[in-house]
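Residue numbers (the UniProt record's numbering): 1 to 299.
Just so you know, even glycine gets a beta-carbon here, dropped at the ideal spot from N, CA and C.
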Amino acid sequence: MNLTVDDSGTYECRANNDPDRNDLQKRPRIKWIRSQATVIILEYPIIIKQQLTNPGVDGQDEIVLSCNLTNPPSDIKGRVWRKDGADIPGTVDEDNSSLMQHRLQSVDAKNSGLYSCVYLTKPLSSETFQVKAAPGVTTYKKSEHGNEGDVGLLTCKSHGYPPVESWTWSRSTKDGGVEHIMNGTNNRFQIKITGNGTELRILALDIEKDQGEYYCNATNEIGARAEIIHLRVRGRFAALWPFLGIVAEVIVLVAIIFIYEKRRKPDELADDDEQGSAPLKSNAATNHKDKNVRQRNAN
Numbered sequence: 001m002n003l004t005v006d007d008s009g010t011y012e013c014r015a016n017n018d019p020d021r022n023d024l025q026k027r028p029r030i031k032w033i034r035s036q037a038t039v040i041i042l043e044y045p046i047i048i049k050q051q052l053t054n055p056g057v058d059g060q061d062e063i064v065l066s067c068n069l070t071n072p073p074s075d076i077k078g079r080v081w082r083k084d085g086a087d088i089p090g091t092v093d094e095d096n097s098s099l100m101q102h103r104l105q106s107v108d109a110k111n112s113g114l115y116s117c118v119y120l121t122k123p124l125s126s127e128t129f130q131v132k133a134a135p136g137v138t139t140y141k142k143s144e145h146g147n148e149g150d151v152g153l154l155t156c157k158s159h160g161y162p163p164v165e166s167w168t169w170s171r172s173t174k175d176g177g178v179e180h181i182m183n184g185t186n187n188r189f190q191i192k193i194t195g196n197g198t199e200l201r202i203l204a205l206d207i208e209k210d211q212g213e214y215y216c217n218a219t220n221e222i223g224a225r226a227e228i229i230h231l232r233v234r235g236r237f238a239a240l241w242p243f244l245g246i247v248a249e250v251i252v253l254v255a256i257i258f259i260y261e262k263r264r265k266p267d268e269l270a271d272d273d274e275q276g277s278a279p280l281k282s283n284a285a286t287n288h289k290d291k292n293v294r295q296r297n298a299n
């Protein structure tokens, strides 16, 4: 049944379980039970929407979203555009015009999503657009490092609308080809997918086998995008080299101090000998003078 505005009104239902309830010659022994309900039918607002694509600069197509409210349920107190349920800054106004537009300079993962034109009426009137694009892919790090024998972890995430339907991993080979990686490959690769993200774990990193470029690929109904991660594997004792370098610097510094102190001590002893001999000569001269004075007095 399709309701219309003409179906609005008050409806009543009655109930009675007296066997003689329909006998007009007898007085009913049980009173009728009645209940009423008021039904208000609101005419659903009709919004004519259009999504136009115009050629833009640098090969980027421009998208124009347009809404036209033909039969508002009440006066329009304002309007706003929303993306994924949140108000788009700068689009809120108090205009009562039934026509509203929103422009997107390009269609990519950043601008994709669910857009809504919302009229501030009672109740609210709105219509939704689906702006779709190939997924955007980002990596946690463009370049990852790991030590030989440790577990390597590569991470990718996606954004945009519609959501990613599948993730795949691959890597470049030494001969210039591409090797697809499956979960459990060589019992060393583990792939984990969590909604808009994926992880690749590499067990027991090998400096000869695992170093190189890895690709994480995201696919949705519009297309596919990939991102490259450079993996560098360091030798097992690579982490010790900085420590050994510091130790070597300390040893050299201690050796320099030791040699300097060893060369400085003979010079100090020589200076002490020279300073100690002067008073002895002075005392001898004084004694000699005193002896001469006593001899003169005796004479």
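With distances taken from CA atoms, which of the options is nearest residue i?
| i | options | result |
| --- | --- | --- |
| Trp81 | Gly90, Gly197, Asn111, Thr70 | Gly90 |
| Lys83 | Ile256, Ile33, Tyr115, Asp61 | Tyr115 |
| Gly9 | Thr38, Lys26, Asn96, Asp20 | Thr38 |
| Ile88 | Asn186, Lys49, Val118 | Val118 |
| Thr138 | Asp150, Glu12, His145, Trp167 | Trp167 |
| Glu144 | Ala255, Gln25, Ile33, Ile228 | Ile228 |
| Thr219 | Asp7, Ala109, Gln50 | Ala109 |
| Gln60 | Asp93, Arg103, Lys49, Ser74 | Arg103 |
| Gly146 | Ser74, Pro19, Arg234, Val250 | Arg234 |
| Gln50 | Asp7, Gln101, Arg232 | Gln101 |
| Glu208 | Leu231, Ala255, Lys77 | Leu231 |
| Arg34 | Gly78, Asn17, Gln25, Cys216 | Asn17 |
Residue i to residue j, Cα distance in whole Å?
| i | j | result |
| --- | --- | --- |
| Leu99 | Phe129 | 15 Å |
| Ala15 | Ile63 | 60 Å |
| Ser66 | Leu3 | 29 Å |
| Ala278 | Val252 | Confidence is the limiting factor: at Ala278 the pLDDT is only 48, short of 50, which leaves the residue's position unreliable, though a coordinate-based value still follows. The straight-line gap from Cα to Cα measures roughly 41 Å. |
| Cys13 | Trp32 | 10 Å |
| Gly149 | Asn186 | 15 Å |
| Tyr140 | Val92 | 36 Å |
| Glu179 | Leu69 | 54 Å |
| Ile246 | Gly85 | 57 Å |
| Leu280 | Ile257 | At Leu280 the pLDDT is 46, less than 50, meaning the model places this residue with poor confidence and gives no usable figure here. |
| Glu214 | Leu120 | Checking the displayed sequence, the identity of residue 214 turns out to be Tyr instead of Glu. Straight-line Cα distance between these residues: approximately 50 Å. |
| Glu94 | Pro72 | 15 Å |
| Lys174 | Ser112 | 38 Å |
| Met182 | Arg236 | 27 Å |
| Ser172 | Ile202 | 15 Å |
Hey, could you find the ends of the beta strand (DSSP E) residue i is sitting in?
| i | result |
| --- | --- |
| Ala226 | 224–234 |
| Arg171 | 166–172 |
| Ala218 | 212–219 |
| Val139 | Here residue 139 turns out to be Thr, not Val, going by the sequence shown. Per DSSP, Thr139 belongs to the beta strand (DSSP E) from 136–139. |
| Ser143 | 143–147 |
| Tyr11 | 9–15 |
| Arg201 | 197–202 |
| Ser112 | Element bounds for Ser112: n/a, residue is neither H nor E. |
| Glu127 | 125–131 |
Review point. Using 8 Å as the Cβ pair cut-off and three pairs as the minimum, do the segment 195–208 and the segment 136–155 touch?
Key: yes
**Study point:** beta strand (DSSP E) runs contained entirely in the segment 24–104, provided each spans 3 or more residues
**Key:** 33–39, 47–54, 62–69, 79–83, 99–104
**Study point:** Meets three-Cβ-pair contact criterion under 8 Å: the segment 176–191 and the segment 220–233
**Key:** no
Exercise for review: Check whether the segment 35–52 touches the segment 121–139, taking contact to mean three or more Cβ pairs, one atom from each stretch, closer than 8 Å.
Suggested key: yes
**Study point:** Segment contact, 8 Å Cβ cut-off, at least three pairs: the segment 157–170 with the segment 132–139
**Key:** yes
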